[in-house]
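Residue numbers (our numbering), protein chains in the order written: chain A, 1 to 328; chain B, 1001 to 1046.
C-beta: ideal position from N, C-alpha, C; glycine also.
Beneath this line is the structure, given in C-alpha cells, with notes to follow.
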Amino acid sequence: GVYYESMRNYLDLAYVGTIRIGTPPQEFKVIFDTGSSDLWVPSIYCSSPACANHNVFNPLLSTTFRVSGRPIHLQYGSGTMSGFLAYDTVQFEGLVDESQAFGLSLREPGKFMEYAVFDGILGLAYPSLSLQGTIPIFDNLWKKGLISQELFAFYLSKKEEEGSVVMFGGVDHSYYRGDLNWVPVSKPFYWQLSMDSISMNGAVIACSGGCEAIIDTGTSLLIGPSSVVLNIQKIINAKQSYSGEYMIDCNTINTLPDIVFTINGINYPVPASAYIREGQEGTCYSNFDEGRGGLFVSDSWILGDVFLRLYFTVFDRGNDTIGLAPAV
Amino acid sequence: CLVTIPLTRIKSMRENLREKDKLKDYLEKHPYNLAYKFVESVDPDT
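Take a look at the structure:
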C-alpha cells in the first residue's frame, strides 16, 4: 500500500545544506531535519508550480539510479507530496552513500511550497519514523562505516547567514562552552526528551510536573500546547495580530526576564532576545507558537532553532542520548 | 572522521509569506501541527 506520513508545516524551516544525488551528481539544497527521517527531493516529472522554483532530479541523467516502483504519499500540514521511492548515490562533504533510498516527488505539497527556499528534506530522526522498508541516511552512514562515532551535532549561529554547521561522526568542541550535559532520549522516534519545567523568575509557567519535548532543527520556533502558550503570550504581553502571529513591543526585549527550560535538573535559560524576534519595519514577534492536533493533545513541546541557536546539541544514536551545552 | 557540513540560514517561508501578505491565508488553512501517523491507504492518483 501507499504509506501516508503526515509531516509538519514547512513554515519555519530555515537552515539549508547542499547535497548531491546521482552519477554524475545533481545538486540540491535540503533542510537537515531532526524532525523527520526521510530524504526527498523534487523530480523532473513534478507537475506542481512549486517545482518550477526548485532544483529537480532527472533520473535519466544518472547511471547509478534505481527505481523501486513503490509509490509514496507524504502528507504535510501544508499539503501533500506524491511521488515514488528510488535509490541512488548521495554525497555530501566527501561522504558517499551508495544505493540510498530517497523519495522523488511528482507533486509538491501545497502551493505554498513556491515560497520555500529549499529543494527537499534530509531527515535525521530515528528509523522508526522513516518510510517502512527504507534505511535513513544516517543509519547507512553508520552501517557502512563512513563515520567513526554514531552521532551528529548541530551548531546554529545566532546572527550571520553563514557559520552554522551540522557535523557527523564526532563533535568539534570549539562550538560550545563548558561540558555537554547528557539527557536520555525518552522515545526513539523523534529526538524526544523529558523536560522538568518551564519557568520565569523562579515561578513555573508551563510543563509543571514535567512534560515531553522534541529537539527539532526543522522547526524555528518554540511550539507548545495551545492553552499553555496562550498563557505565556499573556505573561510577556504579546498580542495576536490579524495575521495570527503574536506581536510584542520591541522595547520589552531589554526588560523581560529569561524563560528557563529545566531539563534533567539543568537550567537552560532562553533570554527575551531569543524568544522575541525582530521582523521588518521595527515590529517584533513572539517566538512561541501553538501546536495543534496530533502530538499536541498531550503536554508536549517542540524546541526549534530558537533553542538550538543558544545550545549546541549532540544527537547520539549510539547511546540514545542528547548532549546540550551553551553555544559559543 | 568528523565530517562538517556548512549550513546557510535562509529566509523562512513564514517571512516570505508575510512579505507577500499571504501568511494569514496560510495560517488559517494550515494550523501548525506535527503529528506523524502512518496510515496505510491507497492514493487514487497513485
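First through last residue of the alpha helix (DSSP H) which encompasses A/TYR246: From DSSP, A/TYR246 is part of no alpha helix (DSSP H) but of the beta strand (DSSP E) over 246-248.
Cβ-based burial, A/VAL30 [other Cβ within 10 Å; buried from 16]: Burial call: buried.
Closer than 8 Å at the beta carbon, the chain B residues around A/ASP172: At a beta-carbon threshold of 8 Å, the residues of chain B lying near A/ASP172 are LEU1002 and THR1004, ordered along the chain.
Helix, strand or coil at A/PRO127 [DSSP, three-state]: helix
Residue(s) in a DSSP beta bridge with A/TYR190: A/PRO188
Cβ of A/GLU212 within 8 Å of any chain B Cβ: no
When A/GLN240, A/TYR285, A/ILE198 and A/TYR175 are compared against A/LEU221, the one with the closest alpha-carbon: A/TYR285
Assigned exposure category for A/LEU61 - 16 Cβ within 10 Å defines buried: exposed
For B/LYS1020, three-class secondary structure by DSSP: coil
Inter-residue Cα distance where the pair is A/ASN396 and A/GLU114: Residue 396 of chain A lies beyond the range of chain A shown here (1 to 328); nothing can be said about it.
C-beta neighbour in chain B for A/PHE312, strict 8 Å: no
Buried versus exposed, by CB contacts within 10 Å (16 or more), A/HIS173: A residue is called buried when at least 16 other Cβ atoms come within 10 angstroms of its Cβ; A/HIS173 does not meet this threshold and is exposed.
Contact set for A/ASP97: own chain, Cβ-Cβ below 8 Å, skip 5 residues either direction: THR89, VAL90, GLN91, ILE137, ASN140, LEU141, LYS144 and LEU146
Own chain residues within Cβ distance below 7 Å of A/GLY291, not counting five before or after: ILE223, GLY224, PRO225 and ILE302
Simplified DSSP assignment, three categories, for A/SER174: helix
Chain E contact residues for A/ALA50, given Cβ-Cβ distances below 7 Å: In the structure shown, chain E does not exist; the protein chains are A and B.
Contact set between A/VAL166 and chain B, taken where Cβ atoms lie within less than 8 Å: THR1004, ILE1005 and LEU1007
Minimum C-alpha distance to A/THR255 - residue among A/SER43, A/GLU245 and A/ALA274: A/ALA274
Closest Cα partner of A/THR64 within the set A/THR23, A/GLY35 and A/ASN58: A/THR23
Per-residue burial, A/ASP179 [other beta carbons within 10 Å of its own, 16 or more giving buried]: exposed
Given A/MET200 as reference, the closest of A/VAL171, A/GLY218, A/GLN233 and A/TYR176 once Cα atoms are compared: Comparing Cα-Cα distances from A/MET200 to each of A/VAL171, A/GLY218, A/GLN233 and A/TYR176, the minimum goes to A/GLN233.
Helix, strand or coil at A/THR217 [DSSP, three-state]: Residue state, collapsed to three classes: coil.
Exposed unless 16 or more other CB atoms sit within 10 angstroms - verdict on A/GLN132: Its Cβ having fewer than 16 others within 10 Å, A/GLN132 is exposed.
Rounded C-alpha distance that separates A/PRO326 from A/ARG177: 6 Å
Euclidean distance between Cα positions of A/ASP33 and A/VAL166: The straight-line gap from Cα to Cα measures roughly 10 Å.
One or two residues paired with A/GLN233 in a DSSP bridge: Per DSSP, none; premise fails for A/GLN233.
Per-residue DSSP class, three states only, for A/GLU114: helix
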